[in-house]
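There are 2 protein chains.
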Amino acid sequence: MKRTFQIKMPKVETFDKELVLKRASNVFNDKGFNATSMQDLVDATALNRSSIYNSFGSKLDLFLECLKSYQGIYTIKISETLHKAHSPLHAIELLFEFYINEIVEDKDNMGCLITNCTSEMANQDKSIVKFLTDNQRSFIALLEEFVNKGQEESIINLKKTANEYAWYLYTSILGFRTIGIMISDKKDLQGIAKTITQTLI
Amino acid sequence: MKRTFQIKMPKVETFDKELVLKRASNVFNDKGFNATSMQDLVDATALNRSSIYNSFGSKLDLFLECLKSYQGIYTIKISETLHKAHSPLHAIELLFEFYINEIVEDKDNMGCLITNCTSEMANQDKSIVKFLTDNQRSFIALLEEFVNKGQEESIINLKKTANEYAWYLYTSILGFRTIGIMISDKKDLQGIAKTITQTLI
DNA sequence: TTTTATTTGAAATGTACGTTTCAAATGTAT
DNA sequence: ATACATTTGAAACGTACATTTCAAATAAAA
Numbered sequence: 001m002k003r004t005f006q007i008k009m010p011k012v013e014t015f016d017k018e019l020v021l022k023r024a025s026n027v028f029n030d031k032g033f034n035a036t037s038m039q040d041l042v043d044a045t046a047l048n049r050s051s052i053y054n055s056f057g058s059k060l061d062l063f064l065e066c067l068k069s070y071q072g073i074y075t076i077k078i079s080e081t082l083h084k085a086h087s088p089l090h091a092i093e094l095l096f097e098f099y100i101n102e103i104v105e106d107k108d109n110m111g112c113l114i115t116n117c118t119s120e121m122a123n124q125d126k127s128i129v130k131f132l133t134d135n136q137r138s139f140i141a142l143l144e145e146f147v148n149k150g151q152e153e154s155i156i157n158l159k160k161t162a163n164e165y166a167w168y169l170y171t172s173i174l175g176f177r178t179i180g181i182m183i184s185d186k187k188d189l190q191g192i193a194k195t196i197t198q199t200l201i
Numbered sequence: 202m203k204r205t206f207q208i209k210m211p212k213v214e215t216f217d218k219e220l221v222l223k224r225a226s227n228v229f230n231d232k233g234f235n236a237t238s239m240q241d242l243v244d245a246t247a248l249n250r251s252s253i254y255n256s257f258g259s260k261l262d263l264f265l266e267c268l269k270s271y272q273g274i275y276t277i278k279i280s281e282t283l284h285k286a287h288s289p290l291h292a293i294e295l296l297f298e299f300y301i302n303e304i305v306e307d308k309d310n311m312g313c314l315i316t317n318c319t320s321e322m323a324n325q326d327k328s329i330v331k332f333l334t335d336n337q338r339s340f341i342a343l344l345e346e347f348v349n350k351g352q353e354e355s356i357i358n359l360k361k362t363a364n365e366y367a368w369y370l371y372t373s374i375l376g377f378r379t380i381g382i383m384i385s386d387k388k389d390l391q392g393i394a395k396t397i398t399q400t401l402i
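Taken in order, these protein sequences are the chains called A and B. Just so it is clear: in the first sequence, position 67 is 67 by this note's numbering, and no numbers are missing. Count along the second sequence starting at 1, add 201, and that's the number in this note's numbering.
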């Protein structure tokens, strides 16, 4: 309970915020920020317009919350994926397998919310840039950690530093998420993923 | 002259179509399709609203013409770049150098019109999908041709087929164009490009 | 110079946008 | 049961959108 310190307790926010953000994220992911209307969001979330503005502020504020929610969900999924692996290289291979499943299951070919957002808004809005920069930094740090372990265990080659390979993998993932909008065939995607990860061996 | 077969020749279209398309492409590239208004296009092209509708049909039709114009310009630039090389591998390295220069000179961090369009519209409009699919096919064919030559000359390894490397390179270029929105530092970009092309050696 | 098909400019069309407003409904704590 | 801070629903706000309209201007051909 957040408000027990108050003398009087009025009607309180009842909706499931995470569920609302998931539904809003889905619309934003499908149509992009600019093509998504407030009406679309009202329909998708089943919230009233006023409630959306009350709870989130503006369309852009809601979008930023969606980005954070989406990032949170994927951080967990990716973390789980990486820790299932029996070696650092295998972790990176599993990461691509994870993305392949995401793409194959993404029947509407929406792609990744964050990658799409980079294309659509990274040169338009400062708060978006901040989010994307932070996301990039932490993702690359995570990748670097696994590459580093792989190099220490002599499973990943030493032709490049762990940081260089992390940037390479991050760039490849951006490309992979974008080509996933155009291609949904599992075999084709596995072929591309194999070629990307082969570089590390 | 296209209309000499007519008896009477009325006032005829005077504006430089390629220049207009370049200017329109620049706005679309900067803001994306959905965030670009007709007023933005009127301002950028210095054409009248009526003239735009007369000449191009609709905003989407104009956008498709912009995509084709952009594709035409890049096809020439890329062809020139590739044929400057002294080997097939060098051609691919020069291709990345070309993109690096494009990114560094892109002061507004707009990215690539076609890559951005994939993120924004590939799951929304059929005519866009057709353009993107054709573009993808021809670009991959071009890449495959160079990889194939490189493999015949034993400059590029045979761990993967030329087609597989072409898909890999295409995916990498999509990622490279997207990260180019976030990163403009030449050294950083050169590092990533080096890691991508290293795979072929 | 006149004719004529087309282009041009400015205004208008109707729709849809993001956001605000506010009275009524709600539910917790008294 | 009552009080009351908050949420809700519906309507309204002003703006901006893509597109159309049409009279006036234009320039090639007769």
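We treat Cβ as the ideally placed atom computed from N, Cα and C, and that holds for glycine.
Which chain A residues sit within Cβ distance under 7 Å of B:K360? Sequence index remark: in the second sequence, residue 360 of chain B carries index 159 (1-based). Under the 7 Å cutoff, chain A gives Q198.
Residues from the region 134-145 of chain A in contact with chain B, defined by Cβ distance under 7 Å: Taking 7 Å as the upper bound on Cβ-Cβ separation, chain B lies near residues Q136 of the region 134-145 of chain A.
Test item: CB-CB of B:L401 and B:I357 under 7 Å: Numbered from 1 along the second sequence, position 200 holds the residue referred to as residue 401 of chain B. Numbered from 1 along the second sequence, position 156 holds the residue referred to as residue 357 of chain B. The answer is yes: Cβ separation under 7 Å.
From B:Y419 to B:N230, what does the alpha carbon distance come to, in whole angstroms? Since the first and last residues shown for chain B are 202 and 402, residue 419 of chain B lies out of range.
For B:F234, the three-state DSSP class (helix, strand or coil): Here residue 234 of chain B corresponds to residue number 33 of the second sequence, with the count starting at 1. B:F234 falls in the coil class under three-state DSSP.
Could you tell me the alpha carbon to alpha carbon distance between A:L167 and A:P88, rounded to whole angstroms? Position 167 of the first sequence holds residue 167 of chain A. Position 88 of the first sequence holds residue 88 of chain A. In the sequence as displayed, the identity of residue 167 of chain A is Trp instead of Leu. Looking at the two C-alpha atoms, the distance is approximately 16 Å.
Taking the straight line between their C-alpha atoms, what separation do you get for B:F377 and B:N255? Taking the second sequence and counting its residues from 1, one reaches residue 377 of chain B at position 176. Taking the second sequence and counting its residues from 1, one reaches residue 255 of chain B at position 54. About 37 Å.
Could you tell me whether the Cβ atoms of A:G180 and A:E120 are closer together than 7 Å? Counting from 1 along the first sequence, the entry for residue 180 of chain A is found at position 180. Counting from 1 along the first sequence, the entry for residue 120 of chain A is found at position 120. Contact: no.
Between B:M239 and chain A, is any beta-carbon pair separated by less than 7 Å? In the second sequence, the residue the question calls residue 239 of chain B occupies position 38. Not an interface residue.
Whole angstroms are fine: how far does the CA of A:N123 sit from the CA of B:K278? The residue labelled residue 278 of chain B in the question sits at position 77 within the second sequence. The residue labelled residue 123 of chain A in the question sits at position 123 within the first sequence. Cα to Cα, the separation comes out at about 25 Å.
So is B:I405 in contact with chain A if we call contact Cβ pairs under 7 Å? Residue coverage of chain B in this structure runs from 202 to 402, which leaves residue 405 of chain B outside it and unanswerable.
Taking 7 Å as the cut-off, decide whether the C-beta atoms of B:L268 and B:F216 are in contact. Residue mapping note: residue 268 of chain B aligns to position 67 of the second sequence, counting from 1. Residue mapping note: residue 216 of chain B aligns to position 15 of the second sequence, counting from 1. Contact flag unset, no.
Buried or exposed by the 16-neighbour rule on C-beta atoms within 10 Å, applied to B:L359: Counting from one through the second sequence, the residue named residue 359 of chain B turns up at place 158. Counting Cβ neighbours within 10 Å, B:L359 comes out exposed, since fewer than 16 surround it.
A:T118 vs B:T379 beta-carbon contact at 7 Å: Numbered from its first residue, the first sequence carries residue 118 of chain A at position 118. Numbered from its first residue, the second sequence carries residue 379 of chain B at position 178. The answer is yes: Cβ separation under 7 Å.
Inter-stretch contact (C-beta, 8 Å, three-pair minimum) for the region 385-401 of chain B and the region 292-308 of chain B: yes
In chain order, what residues of the region 90-111 of chain A put their CB closer than 7 Å to some CB of chain B? D108, N109, M110, G111
Neighbourhood of A:V20 by C-beta distance below 7 Å, restricted to the same chain and skipping five residues each side: On the first sequence, residue 20 of chain A is found 20 positions in, with the first residue counted as 1. If we look at A:V20 and ignore the five residues flanking it on each side, its Cβ neighbours are T45, L47.
Residues near B:I384 by beta carbon distance below 7 Å, same chain, minus five either side: Taking the second sequence and counting its residues from 1, one reaches residue 384 of chain B at position 183. Around B:I384: L390.
When every heavy atom of the ligand NAP is checked, does at least one fall within less than 6 Å of the C-beta of B:L265? In terms of ligand content, the structure shown is empty, and the ligand NAP therefore cannot be addressed.
Would you say B:T246 lies against chain A (beta-carbon separation less than 7 Å)? One-based indexing of the second sequence puts residue 246 of chain B at position 45. No, its Cβ sits nowhere closer than 7 Å to a Cβ of chain A.
Residue from A:E13, A:E144, A:M110 whose Cα sits closest to the Cα of A:F56: Stepping through the first sequence from its first residue, residue 56 of chain A is reached at position 56. Distance check between A:F56 and each of A:E13, A:E144, A:M110 places A:E13 closest, using alpha-carbon atoms only.
Taking 7 Å as the CB-CB cut-off, is B:L159 touching chain A? The displayed coordinates of chain B run from 202 to 402. Any statement about residue 159 of chain B would go beyond what the structure contains.
Backbone secondary structure at B:V213 - three-state DSSP: Here residue 213 of chain B refers to the residue found at position 12 of the second sequence. DSSP places B:V213 in coil when its eight states are reduced to three.
Would B:L375 pass as an interface residue toward chain A - the criterion being a Cβ-Cβ separation below 7 Å? On the second sequence, position 174 is the one that residue 375 of chain B refers to. Closer than 7 Å: yes.
Does the beta-carbon distance from A:T115 to A:L62 come in below 7 Å? Here the question's residue 115 of chain A lines up with position 115 in the first sequence. Here the question's residue 62 of chain A lines up with position 62 in the first sequence. In this structure, A:L62 does not lie closer than 7 Å to A:T115 by Cβ.
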